[in-house]
Structures are given as structure tokens and as C-alpha cells.
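Input: a single structure, listed below in C-alpha cells.
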Amino acid sequence: MNDSYRPVGATAQLRFQILRLIRERGYAPGDRIPSERDLAVRFSVGRPTVREELSILESMRVIERRPNSGIFLREVDRDGSLDAVVLEADLGLPMTADEVRNLNEFRRILEIQAVGIACQRRSVKDIQQIHEILTQTAACLEANQAVGDKDAEFHLAICCATQNPLLTRAANSFWLASQSRRDRYFADMQNGARSLHHHTLLLEAIEARDEAAAKNIMEQHLGKVESYWMDSLEKKPAP
């Protein structure tokens, strides 16, 4: 793994090192990982610091500490929280091609359903908020500024318009986990302009409560982004 992915900060660095160790050694769910003492010696830190970081990983259901037995890796794909995905992204751990595909599929399921519900439940305030985001997006593009943050605000505003906070929380986890990829995508101003066009069409459909049109536009919109990322993965040189 490239050292350029190392995060800044002592505690974040230790969390990164523990997760990297789990990946590099190929631990499988149910395997016992090094003890608190072994980790402290390996990474030259105090045991209280290791204990604190393991508590974070345990709260995210990445590991399980069993009294008098040790520390074991959990079935993360099944048991792990979405926060664990965000944590790995925050720490700079690169995603595999399968992880990118899974994240895109999760987003597609979530957002196509969300935009349909938003058409049914959106309020006047929701429409005004989305209008304002689009206005700010256009201003950023006019000033030749990247619009990654505005893109996230737009999609989260649609989820907020469902009036279902669980949908919004799930969507927020996606955006946090994909921030670095989104920043790279919107560094290209053409991608920002294309996104604004799709967003404008989506707003019109939501405002008209046209659920079928909104879902169709969202599916096309997400398809463009997914194609971009899958093409990028395929063009990446082999290590």
C-alpha cells in the first residue's frame, strides 16, 4: 500500500495502521488478530492508546473483543456499520474495484427510491432549498470553481425532502465515504456543468411531483457517474 495514503494525526495514524495490518495479513472473519499488547509493541505506542482505537473499531463492529480469548475480526461485510466505510475513506484506505461497484449500487438503490418519495412528500421549503443550491452551483461554475460540495448538498436535499431522516443519514454516509472521488470528478468543470443540467431537470420533476420522470432522470444521471468511475478503474495501470 502506498504510504501517501497515511493520514495526519497520531491517533488516526494508529487506526490506519491497525486496519492496514488487518488487510495486509489477509485476516478472515472470525480470525484472531494481534493482542492489545502486541499492537502496542508493534506500533510503539501505549496500551491505553491502542485500547481507545480498538474501542472505536469495536463500536463500528469491525472487531470483537472476547473476554479471556482475544480480539477477533468480525464479518464486516455483514455486521459492520456504514460508519466503518466512512472511517476507511477518512483514513485514506483506497477502495477496491468491487468496493466502488458496491458503493455505486448502494447509491443507485437509495437515491432512485429517495427521489420518488421526495416527489410525493416535498414541501415548499424543500423546493426553495434545492433552488438555492442550484443558484449557488451556477455561481461557482461561473467563477470556475469546483462544485463537489454543492453536488453533495443537492443530493442530500433530495433525501431530506423524503422527510425520512434514516434515508438522509444513509445518504450522508455515502457522501462522506466518496468525498475524495467526488473531488477528483468535479475538478473537471465539464462534469460540473453536466451535473447542474441534470440537477435542474430533477428539480423540475420533483416540483411537478412527476415521480416517473424524476426516477428516470436520476437513473440516467447516476449512470453517467458510474460509467466514469468504472472506466477510470479499468484504465488504472496494474500494480
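First residue of the sequence shown: 208, per this note's numbering; consecutive thereafter. Think of the CB as a built atom: it goes at the ideal place given N, C-alpha and C, for glycine as much as any other residue.
As summarised for the segment 236-310, the continuous alpha helix (DSSP H) elements at least 4 residues long and confined to that stretch are 243-250, 254-266, 283-286, 289-297, given in chain order. For residue 330, the three-state secondary structure derived from DSSP is coil. A contact is defined here as three or more CB-CB pairs under 8 Å, and the segment 369-383 fails this definition with respect to the segment 412-420.
For the pair residue 317 and residue 377, the CB atoms are nearer than the 9 Å cut-off. Burial of residue 333 is indicated by the presence of at least 16 other C-beta atoms within 10 angstroms of its C-beta.
Counting other Cβ atoms within 10 Å of its Cβ, residue 349 stays below 16 and is therefore classed as exposed.
Annotated three-state conformation of residue 370 is coil, per DSSP.
Residue 434 and residue 292 have their C-alpha atoms spaced approximately 22 Å apart. Here the C-alpha atom of residue 361 lies approximately 15 Å from the C-alpha atom of residue 432. Excluding its 5 nearest sequence neighbours in each direction, residue 429 has C-beta neighbours in its own chain below 7 Å: 314, 315, 318, listed in chain order. Taking a C-beta distance under 9 Å as the contact criterion, residue 403 and residue 338 do not qualify as a contact pair. Comparing alpha-carbon positions, the option among 290, 261, 415, 223 lying closest to residue 279 turns out to be 261. Burial state of residue 295 is buried, judged by a 10 Å Cβ sphere holding 16 or more other Cβ atoms.
Under the three-state reduction of DSSP, residue 415 is assigned to coil, being neither helix nor strand.
Measuring C-alpha to C-alpha distances from residue 239 to each of 281, 226, 248 identifies 281 as the nearest.
In this structure, the straight-line span from the alpha carbon of residue 248 to that of residue 242 is close to 10 Å. Residue 234 carries a coil assignment under DSSP once its states are collapsed to helix, strand and coil.
Straight through space, the alpha carbons of residue 271 and residue 231 are spaced by roughly 19 Å.
The Cβ-Cβ distance between residue 257 and residue 310 does not fall below 9 Å. Secondary structure of residue 390 (DSSP, three-state): helix. From the listed residues 302, 344, 364, the smallest Cα separation to residue 325 is found for 364. With a cutoff of 9 Å on beta-carbon distance, residue 322 and residue 436 are scored as not near each other. DSSP, read as helix, strand or coil, puts residue 385 in coil. Residue 399 is positioned such that its CB atom lies closer than 9 Å to that of residue 353. Here the C-alpha atom of residue 327 lies approximately 42 Å from the C-alpha atom of residue 219.
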